[in-house]
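Visitor: By UniProt numbering, the letter at position 192 of the sequence shown is numbered 192, and the numbering carries on one by one without gaps.
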Amino acid sequence: MAPASVDHDQKAEELRKATTFHPSLWGDFFLTYQPPTAPQHEYMKERAVVLREDVRKIVNGSTDLRETMDLIITLQRLGLDYYYENEIDKLLQDIHNLDYNDKDLNLVSLRFYLLRKNNYDVSSDVFLNFKIQDGNFAIADTRSLLSLYNAAYLRRHGDKVLDEAISFTRCCLQDIVEHSESPFAKEVSSSLHTPLFRRVGILEARNYIPIYEKEATRNEAILEYAKLNFYLQQLVFCEELKHCTMWWKEFLVKSKMTFVRDRIVEVYFWMNGACYDPPYSHSRIILTKITSLVTILDDMFDTYGTTEECIKFAEAINRWNESAVPLLPEYMKGFYLFLLETFYSFEDELGPEKSYRVLYLKEAREQTADHSASTVHCYMKEHGTTMNDACEKIKELTEDLWKDMLEQCLALKGLPKVVPRTVFDFSRTTDNMYKNCDAFTSSQALKQMIELLFVEPIPE
Numbered sequence: 001m002a003p004a005s006v007d008h009d010q011k012a013e014e015l016r017k018a019t020t021f022h023p024s025l026w027g028d029f030f031l032t033y034q035p036p037t038a039p040q041h042e043y044m045k046e047r048a049v050v051l052r053e054d055v056r057k058i059v060n061g062s063t064d065l066r067e068t069m070d071l072i073i074t075l076q077r078l079g080l081d082y083y084y085e086n087e088i089d090k091l092l093q094d095i096h097n098l099d100y101n102d103k104d105l106n107l108v109s110l111r112f113y114l115l116r117k118n119n120y121d122v123s124s125d126v127f128l129n130f131k132i133q134d135g136n137f138a139i140a141d142t143r144s145l146l147s148l149y150n151a152a153y154l155r156r157h158g159d160k161v162l163d164e165a166i167s168f169t170r171c172c173l174q175d176i177v178e179h180s181e182s183p184f185a186k187e188v189s190s191s192l193h194t195p196l197f198r199r200v201g202i203l204e205a206r207n208y209i210p211i212y213e214k215e216a217t218r219n220e221a222i223l224e225y226a227k228l229n230f231y232l233q234q235l236v237f238c239e240e241l242k243h244c245t246m247w248w249k250e251f252l253v254k255s256k257m258t259f260v261r262d263r264i265v266e267v268y269f270w271m272n273g274a275c276y277d278p279p280y281s282h283s284r285i286i287l288t289k290i291t292s293l294v295t296i297l298d299d300m301f302d303t304y305g306t307t308e309e310c311i312k313f314a315e316a317i318n319r320w321n322e323s324a325v326p327l328l329p330e331y332m333k334g335f336y337l338f339l340l341e342t343f344y345s346f347e348d349e350l351g352p353e354k355s356y357r358v359l360y361l362k363e364a365r366e367q368t369a370d371h372s373a374s375t376v377h378c379y380m381k382e383h384g385t386t387m388n389d390a391c392e393k394i395k396e397l398t399e400d401l402w403k404d405m406l407e408q409c410l411a412l413k414g415l416p417k418v419v420p421r422t423v424f425d426f427s428r429t430t431d432n433m434y435k436n437c438d439a440f441t442s443s444q445a446l447k448q449m450i451e452l453l454f455v456e457p458i459p460e
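Following this line, the structure appears as structure tokens:
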């Protein structure tokens with residue numbers, strides 16, 4: 001019998017010929033593209049400064065509890081909350097401390113949603129007030145049901161009343177969607193697809209601005225500022241995409257690796273969703289490069305390299321210097337040198353106190369024979385289940401992980417808010433990438449979202 005490594009190497013040779021990924025959907029597009037708002041850049045910056053302070057006055061002048069909660073949620077959905085963190089923190093303290101009507105389902109749901117989202121460890125028992133004798137929730141108006149539904153997704157282990165609230169409200173809201181074509185029904189449909197807490201922030205801002213524009217209660221200063229802020233961010237994103245595309249083109253020339261997934265725009269989109277606020281430009285670029293390099297390793301180990309070649313590459317990673325190049329097969333040498341060059345550039349840019357560690361790249365990977373061995377397929381193989389059963393089980397495990405994250409974040413005391421926020425933002429953007437399919441590998445599923453975020457202007 002042939003050794004297992006020989007069988008794997010034979011399969012690897014077959015995969016070298018058989019495995020192909022669709023080409024980039026973007027090519028050199030972002031090397032030259034500029035959003036149509038680019039000529040108005042200076043005016044928009046000046047106008048945004050004025051509007052930012054106008055909105056600050058609105059935030060500081062907010063006193064009514066319900067209006068204050070609506071205002072905070074609006075700013076969060078429009079992507080403006082970053083500019084008013086101190087003011088919002090003070091308002092949240094007031095919301096937490098003030099007496100409120102615990103018989104008003106919409107108000108209770110909004111309060112619970114905001115406080116738990118912002119790391120206040122409030123009890124879910126308040127929702128027991130809305131259950132009737134048979135154990136079900138009392139029927140309520142659509143807006144209150146939607147608020148309860150969104151609030152319930154900030155659940156942790158043991159929040160049985162929130163698990164029940166999701167089941168109850170989902171059934172009610174699905175019926176509303178099926179029998180109504182109103183604009184609010186579209187809002188309900190969006191929440192059924194992705195609850196408010198789990199949406200990628202920058203995508204939510206892009207999608208919500210035109211919705212907010214049609215609301216009768218909109219504030220014109222907030223609306224104008226949201227548009228200008230998004231356009232200014234879009235200009236920055238396109239410059240970052242240009243930089244990342246140039247870096248990727250350099251990699252393709254130096255490495256000559258034609259078998260890897262050409263997904264630099266999709267990787268940037270992914271990382272952008274995890275850290276989209278203005279100060280994090282450097283983070284977005286570095287994370288895009290690191291994730292692209294990890295993707296190359298994934299393709300090289302899973303779909304192209306033989307066992308022997310991958311062992312040699314792992315040895316080279318352990319050495320982490322140019323002396324390891326002779327160990328490698330010819331097709332790996334260019335990539336290895338580019339890998340070193342990229343990480344050395346990170347260290348030069350960030351300085352000794354902030355240098356990113358590269359030790360995690362030294363860990364050996366257990367190999368699988370096919371690129372298509374997804375989590376679902378692995379679960380099917382391990383437990384002998386059907387694809388449908390495996391998908392349902394993965395959904396259950398995913399829900400448990402969301403509960404785990406919330407539980408851990410609520411337990412964190414004294415850490416900067418950016419810590420739990422970053423954890424959730426990475427989870428949100430990953431959920432968005434893999435919610436219905438592997439949208440990274442088959443990236444046609446992302447094309448419309450990428451166009452919305454980086455290419456298309458907000459409709460007037």
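Here a beta-carbon is modelled for each residue, glycine too, at the ideal position from N, C-alpha and C.
Report yes or no: do the region 224-231 and the region 202-214 share at least 3 C-beta pairs separated by less than 8 Å?
Guide: Contact between the region 224-231 and the region 202-214 is present, because at least three Cβ pairs lie under 8 Å.
Visitor: What runs of the alpha helix (DSSP H), each 4 residues or longer, lie entirely inside the region 395-444?
Guide: You should have 418-434.
Visitor: Compare the C-alpha of L146 against each of F168, K160, L128, R155 and name the closest.
Guide: Ranking F168, K160, L128, R155 by Cα distance to L146 puts F168 first.
Visitor: Report the residue from E456, F130, L293 whose alpha carbon sits nearest the alpha carbon of I264.
Guide: The shortest Cα separation from I264 among E456, F130, L293 belongs to L293.
Visitor: If you follow the alpha helix (DSSP H) that R206 is in, where does it begin and where does it stop?
Guide: That run of the alpha helix (DSSP H) goes 201-213.
Visitor: Return the CA-CA distance between A373 and K435, expressed in angstroms with no decimal places.
Guide: At A373 the pLDDT is 49, less than 50, meaning the model places this residue with poor confidence and gives no usable figure here.
Visitor: Any idea what DSSP makes of F112, helix, strand or coil?
Guide: Note: F112 maps to helix in three-state DSSP.
Visitor: Helix, strand or coil: how does DSSP classify residue 529 here?
Guide: Absent from the structure is residue 529, since the part of the chain shown begins at 1 and ends at 460.
Visitor: Starting from S147 and walking both ways along the alpha helix (DSSP H), at which residues does that stretch end?
Guide: It spans 142-152 - the alpha helix (DSSP H) in which S147 sits, taken as one unbroken run.
Visitor: Apart from the five residues on each side of it in sequence, which residues of its chain come closer than 7 Å, Cβ to Cβ, to A316?
Guide: Correct list, in chain order: A324, L327, L328, Y336.
Visitor: Measure the alpha-carbon distance for V418 versus P279 and round it to whole angstroms.
Guide: The alpha-carbon atoms of V418 and P279 are separated by roughly 12 Å.
Visitor: If distances are taken between C-alpha atoms only, which option among S283, Y276, A274, V260 comes closest to L297?
Guide: For the residues S283, Y276, A274, V260, the minimum Cα distance to L297 belongs to V260.
Visitor: Please classify F127: does DSSP put it in a helix, a strand, or coil?
Guide: F127 falls in the helix class under three-state DSSP.
Visitor: Please state the DSSP three-state secondary structure of F168.
Guide: Here F168 sits in helix by DSSP.
Visitor: Check this for me: beta carbons of L406 and R198, under 8 Å apart or not?
Guide: Cβ distance not < 8 Å, so L406 and R198 don't count as in contact.
Visitor: In whole angstroms, what separates the C-alpha of residue 480 from that of S109?
Guide: The structure shown does not extend to residue 480, since the chain is modelled only from 1 through 460, so no value can be given for it.
Visitor: May I have the straight-line CA-CA distance separating M44 from Y33, to the nearest angstrom?
Guide: In a straight line, the C-alpha of M44 is about 19 Å away from that of Y33.
Visitor: Would you report the Cα separation of Y379 and R218, rounded to the nearest angstrom?
Guide: Answer to the nearest angstrom: the Cα atoms are 48 Å apart.
Visitor: Whose CA, out of F343, H243, A314, D262, lies closest to the CA of I290?
Guide: Of F343, H243, A314, D262, the residue nearest in Cα terms is F343.
Visitor: So, for G334: in the same chain, excluding its five sequence neighbours on each side, which residues have a beta-carbon less than 7 Å away from its beta-carbon?
Guide: The residues are K254, S255, K256.
Visitor: Mind checking who F137 pairs with in its DSSP beta bridge?
Guide: DSSP output for F137 lists K131 as bridge partner(s).
Visitor: Can you tell me which of A138, A151, D104 puts its alpha carbon nearest to the alpha carbon of S123?
Guide: It is A151.
Visitor: With distance defined between alpha-carbon atoms, name the residue in L115, L154, T74, M271 nearest to E399.
Guide: It is L154 whose Cα lies nearest to the Cα of E399.
Visitor: Excluding sequence positions up to five away, which residues of its chain have a Cβ less than 7 Å from the Cβ of N101?
Guide: Once the five neighbours on either side are set aside, the close Cβ partners of N101 are L107.
Visitor: Here's the rule: buried if 16 or more other CB atoms are within 10 angstroms of the residue's CB, otherwise exposed. What is M449?
Guide: So M449 counts as buried.
Visitor: Which residue from N119, G158, F29, T295 puts its Cα closest to that of W270?
Guide: Taking only the C-alpha atoms, the option nearest W270 is T295.
Visitor: Spatial neighbours of Y120 within its chain, please: C-beta separation below 6 Å, excluding the five flanking residues on both sides.
Guide: Excluding residues within five positions, the ones whose Cβ falls inside 6 Å are H96.
Visitor: Could you check the C-alpha separation between R365 and F112 for me, to the nearest Å?
Guide: Unreliable placement is indicated for R365, whose pLDDT of 31 sits below 50; the coordinate value is still reported in the next sentence. Straight-line Cα distance between these residues: approximately 43 Å.
Visitor: Decide if N432 is buried, meaning its Cβ has at least 16 other Cβ atoms within 10 Å, or exposed.
Guide: Buried is the call here.
Visitor: Using C-beta distances below 6 Å, list every residue in its chain close to D64, excluding the 5 sequence neighbours before and after it, in chain order.
Guide: If we look at D64 and ignore the five residues flanking it on each side, it has no Cβ neighbours.
Visitor: Going straight from the alpha carbon of V236 to that of Y331, what length do you get?
Guide: Their backbone Cα atoms lie some 35 Å apart in a straight line.
Visitor: By alpha-carbon positions, which one of V188, D163, P183 ends up nearest to D175?
Guide: Checked all of V188, D163, P183; the closest Cα to D175 is V188.
Visitor: Between the C-alpha atoms of F346 and I286, what's the straight-line distance to the nearest angstrom?
Guide: Distance between the alpha carbons of F346 and I286: 7 Å.
Visitor: Here's a check: name, in chain order, each residue in its chain whose Cβ is nearer than 7 Å to the Cβ of A130, leaving out the five neighbours to either side.
Guide: Note that residue 130 is Phe in the sequence shown, not Ala. Result list for F130: L105, F137, A138, in chain order.
Visitor: Could you name the residues of the same chain whose beta carbon sits closer than 8 Å to that of S191, not counting the 5 residues immediately before and after it, in chain order?
Guide: Once the five neighbours on either side are set aside, the close Cβ partners of S191 are L146, Y149, N150, L173.
Visitor: Buried or exposed, going by whether 16 or more other CB atoms sit within 10 Å of the CB of M69?
Guide: Buried: at least 16 other Cβ atoms inside 10 Å.
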